[in-house]
Amino acid sequence: MLPEINYHPIQGNVLQDQGYFTFAPSAPLSRWVQHYWQLNVPLGRYCYRSMPDNCVDVIINLRNADDIFIVTPYSSAVVFELTGPEAYFGIRFRLLGHKAIVSTPLEEWDLLSNDTRNADVIPTRVIDALQDLTRLNLLFEQRCQHISTALLNASRQPNVDRRLMRFVRYSHQHVSSNIDLSEKTCSEFGLSARQLRRLTQLHFGLSPRDFTRVMRFQHALDRLKTQPRKAFWTDNYYDQSHFIREFKRMSGAKPNALFGLSVLYNNDKPF
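For the sequence shown, the residue numbers in my numbering are 200 to 470.
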């Protein structure tokens, strides 16, 4: 089972017309998949700035059936350089939701291939369905339904370490307060601090501290989007300057500017 938490990570805005679409699948896939998305890149040299969210994305270039890759969790914004026109279709899994189709621990993925963009860990039927999207003339929602069928056929109940789930729930429940990762707290998860570091590295590719920082950042993004005038940073950070520094390190922009900017931007005009 996956940790049942109300966690809906946010990315920045794509301000180009018809530039970005999302679609949330219905149950039971909604337990594992946050949503499907499509990014349409106009003609020219562009950058896409992706916000950290602790989730795994599987992505295909809709103009190149062989260009399938996985984006694993990271602890600060990552900039992808893109040359348009291109269109990318992605599956964004929930926290640990990728384990419904991939049994190999995340840390071991790169050991399976010399190509770090290789998606060999993804089941063949899902790869085939993704490649179908490059050949079939489908609308976005039809693409989502096509992928849903393949995921349902390939998925199984995820097997997640219960100790790791306790840590994820704790991180989410205490995101508005100081998160304690002492030996005493770790013992309540059923492991030592060292074992926790090993587990989070194995399944997220992040340290426990980086994982919780990303959770806190995503909480700040949500509050900033829904309550932009409230000084919510007092619940999460030492002071306002600490919040601004941390936010800019994580996102690449100041809090009061992020949602007014497009995360897909011309390469000649910095974000």
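The C-beta atom is built at its ideal place from N, Cα and C for all residues, glycine as well.
Give the straight-line distance between the Cα atoms of residue i and residue j, rounded to the nearest whole angstrom.
i, j, result
"ILE321", "ILE258", "11 Å"
"ARG248", "VAL462", "5 Å"
"GLN210", "PHE458", "9 Å"
"PRO241", "THR411", "35 Å"
"LEU363", "GLN372", "14 Å"
"HIS418", "SER375", "8 Å"
"LEU395", "LEU335", "44 Å"
"GLY404", "LEU294", "13 Å"
"ASP467", "ASP309", "33 Å"
"GLY289", "LEU398", "26 Å"
"VAL367", "GLU203", "10 Å"
"LEU460", "CYS246", "13 Å"
What is the DSSP secondary structure of residue i, counted as helix, strand or coil?
i, result
"GLU285", "strand"
"LEU390", "coil"
"TRP231", "coil"
"TYR273", "coil"
"ILE290", "strand"
"SER440", "helix"
"THR315", "In this prediction, THR315 has a pLDDT of 43, which is less than 50 and means its spatial position is unreliable; what the coordinates show is noted afterwards. Residue state, collapsed to three classes: coil."
"ASN352", "helix"
"TYR245", "strand"
"ALA299", "helix"
"TYR369", "helix"
"ASP379", "coil"
"ALA223", "coil"
"SER406", "coil"
"ASP252", "coil"
By the 10 Å Cβ neighbour count, where 16 or more other Cβ atoms means buried, how is residue i classified, buried or exposed?
i, result
"VAL325", "buried"
"VAL471", "Because the chain spans 200 through 470 in this model, residue 471 falls outside it and cannot be assessed."
"VAL252", "Note that residue 252 is Asp in the sequence shown here, rather than Val. Label assigned to ASP252: buried."
"GLY296", "buried"
"ASP256", "buried"
"GLN344", "exposed"
"ARG444", "exposed"
"PRO227", "exposed"
"ASP327", "exposed"
"GLU299", "The sequence given here places Ala at residue 299; Glu does not occur at that position. Classification for ALA299: buried."
Could you check whether the Cβ of residue i sits closer than 7 Å to any Cβ belonging to chain D?
i, result
"TYR273", "Judged by its chain identifiers, the structure shown contains no chain D, having just a single protein chain."
How about the segment 271–279 and the segment 439–453: do they share at least three Cβ pairs that are nearer than 8 Å? yes
Report yes or no: do three or more beta-carbon pairs, one from the segment 204–221 and one from the segment 229–240, lie closer than 8 Å? yes
Are at least three pairs of beta-carbons, each pair with one atom in the segment 383–390 and one in the segment 350–369, less than 8 Å apart? yes
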